[in-house]
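Accompanying notes for the structure given below.
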């Protein structure tokens, strides 16, 4: 999935930064002289999990004048793939992600040490309130095609939400539903045994119920025209990154004799190339990819 750095992203009117608030190195700080940020407040049903209950981590925040290399070094030290940027007045002004680094820095061969992050960051990122339902935050990221959302409470930025947090919550809810579904599945099997195969209408109902319980499968949700970037281990990081950019992908599958050997992602570019001060035009993705073949989009 794309980060907030995607050029196709459109800010939602209820979530744009009409008033930006002060942030410090560990996240947002108080600023009573300014009006608080506003966004549509999610009311939801009582008992639904909110963003604030997802065990949030404080956002890493640096001045927008910081060099790209220094920003990457700090991200790697904190093991995070995104950070927030502040202007000269210590006001939140942008966000930088690992995908931004791949598409806006490595692929176009931008100088890491001489270029400030303000040149490649995404300005005025979309945000959510701390009492927004987790499922609504997930929907917002899916619809906007980005992975990170600043979290605001009482007008101040308190954390940076990663889509994985919302996914874990959604998966946990699905697992609980699946446990309840086991009893239903057992009942369905019992009905099948009693009805046999001679009664068509009940069988049709059962098949429909079964499909809703155990689908979707991967084959039903992966687009037929989806593009997979495949590269060889000997190709340089620069070449691989350019291929990823051309295909609008944040990862490439490393193959040998048409067999997958690993996966190279935009996070690898941050953690294993830029942070290690390796030259992307000489270093091969053999050293930078994950050899455990994690078939996922980081």
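In UniProt numbering, the protein residues as written are 1 to 298. Virtual Cβ for every residue (Gly too), placed ideally from N, Cα, C. The structure presented is a predicted model; accordingly, all values stated were derived computationally and were not measured.
Straight-line CA distance for residue i to residue j?
{"i": "residue 60", "j": "residue 133", "result": "23 Å"}
{"i": "residue 156", "j": "residue 255", "result": "46 Å"}
{"i": "residue 58", "j": "residue 78", "result": "11 Å"}
{"i": "residue 245", "j": "residue 217", "result": "28 Å"}
{"i": "residue 253", "j": "residue 94", "result": "31 Å"}
{"i": "residue 82", "j": "residue 224", "result": "31 Å"}
{"i": "residue 279", "j": "residue 131", "result": "43 Å"}
{"i": "residue 247", "j": "residue 228", "result": "8 Å"}
{"i": "residue 251", "j": "residue 264", "result": "5 Å"}
{"i": "residue 38", "j": "residue 89", "result": "Low per-residue confidence applies at residue 38: pLDDT is 39, beneath 50, and the placement is therefore not dependable enough to give any value."}
{"i": "residue 110", "j": "residue 74", "result": "19 Å"}
{"i": "residue 162", "j": "residue 148", "result": "5 Å"}
{"i": "residue 91", "j": "residue 258", "result": "49 Å"}
{"i": "residue 140", "j": "residue 276", "result": "34 Å"}
{"i": "residue 71", "j": "residue 126", "result": "21 Å"}
{"i": "residue 108", "j": "residue 62", "result": "23 Å"}
{"i": "residue 116", "j": "residue 66", "result": "5 Å"}
{"i": "residue 151", "j": "residue 137", "result": "10 Å"}
{"i": "residue 261", "j": "residue 49", "result": "39 Å"}
{"i": "residue 114", "j": "residue 154", "result": "37 Å"}
{"i": "residue 168", "j": "residue 226", "result": "25 Å"}
{"i": "residue 238", "j": "residue 118", "result": "22 Å"}
{"i": "residue 233", "j": "residue 249", "result": "18 Å"}
{"i": "residue 219", "j": "residue 104", "result": "32 Å"}
{"i": "residue 96", "j": "residue 56", "result": "18 Å"}
{"i": "residue 135", "j": "residue 76", "result": "29 Å"}
Residues bridged to residue i by DSSP?
{"i": "residue 156", "result": "153"}
{"i": "residue 97", "result": "82"}
{"i": "residue 270", "result": "Its beta-bridge partners do not exist; DSSP assigns none."}
{"i": "residue 252", "result": "264"}
{"i": "residue 257", "result": "The partner list for residue 257 (beta bridge, DSSP) is empty, contrary to what the question assumes."}
{"i": "residue 105", "result": "The partner list for residue 105 (beta bridge, DSSP) is empty, contrary to what the question assumes."}
{"i": "residue 92", "result": "86"}
{"i": "residue 161", "result": "149"}
{"i": "residue 167", "result": "Residue 167 pairs with nothing; no bridge assigned."}
Any idea if residue i is buried or exposed, counting beta-carbon neighbours within 10 angstroms, 16 or more meaning buried?
{"i": "residue 123", "result": "exposed"}
{"i": "residue 159", "result": "buried"}
{"i": "residue 230", "result": "exposed"}
{"i": "residue 281", "result": "exposed"}
{"i": "residue 272", "result": "buried"}
{"i": "residue 172", "result": "exposed"}
{"i": "residue 222", "result": "exposed"}
{"i": "residue 266", "result": "buried"}
In this structure, how does DSSP classify residue i when only helix, strand and coil are distinguished?
{"i": "residue 140", "result": "helix"}
{"i": "residue 237", "result": "helix"}
{"i": "residue 245", "result": "helix"}
{"i": "residue 110", "result": "coil"}
{"i": "residue 118", "result": "helix"}
{"i": "residue 134", "result": "helix"}
{"i": "residue 68", "result": "helix"}
{"i": "residue 76", "result": "helix"}
{"i": "residue 278", "result": "coil"}
{"i": "residue 53", "result": "helix"}
{"i": "residue 60", "result": "coil"}
{"i": "residue 123", "result": "strand"}
{"i": "residue 229", "result": "coil"}
Taking residue i and residue j to be in contact with their CB atoms under 8 Å, please state how far apart those CB atoms are, rounded to whole angstroms.
{"i": "residue 64", "j": "residue 98", "result": "Not quite, the Cβ-Cβ distance comes to about 18 Å (not below 8 Å), so this is no contact."}
{"i": "residue 106", "j": "residue 269", "result": "6 Å"}
{"i": "residue 112", "j": "residue 274", "result": "7 Å"}
{"i": "residue 102", "j": "residue 236", "result": "The pair is not a contact, with the Cβ atoms about 14 Å apart (cut-off 8 Å)."}
{"i": "residue 51", "j": "residue 142", "result": "With a Cβ gap of about 15 Å, residue 51 and residue 142 do not count as contacting."}
{"i": "residue 145", "j": "residue 54", "result": "That pair is no contact at about 21 Å."}
{"i": "residue 100", "j": "residue 120", "result": "6 Å"}
Would you please verify whether the beta carbon of residue i is less than 8 Å from any beta carbon of chain D?
{"i": "residue 233", "result": "Of the chains in the structure shown, none is chain D; there is only one protein chain."}
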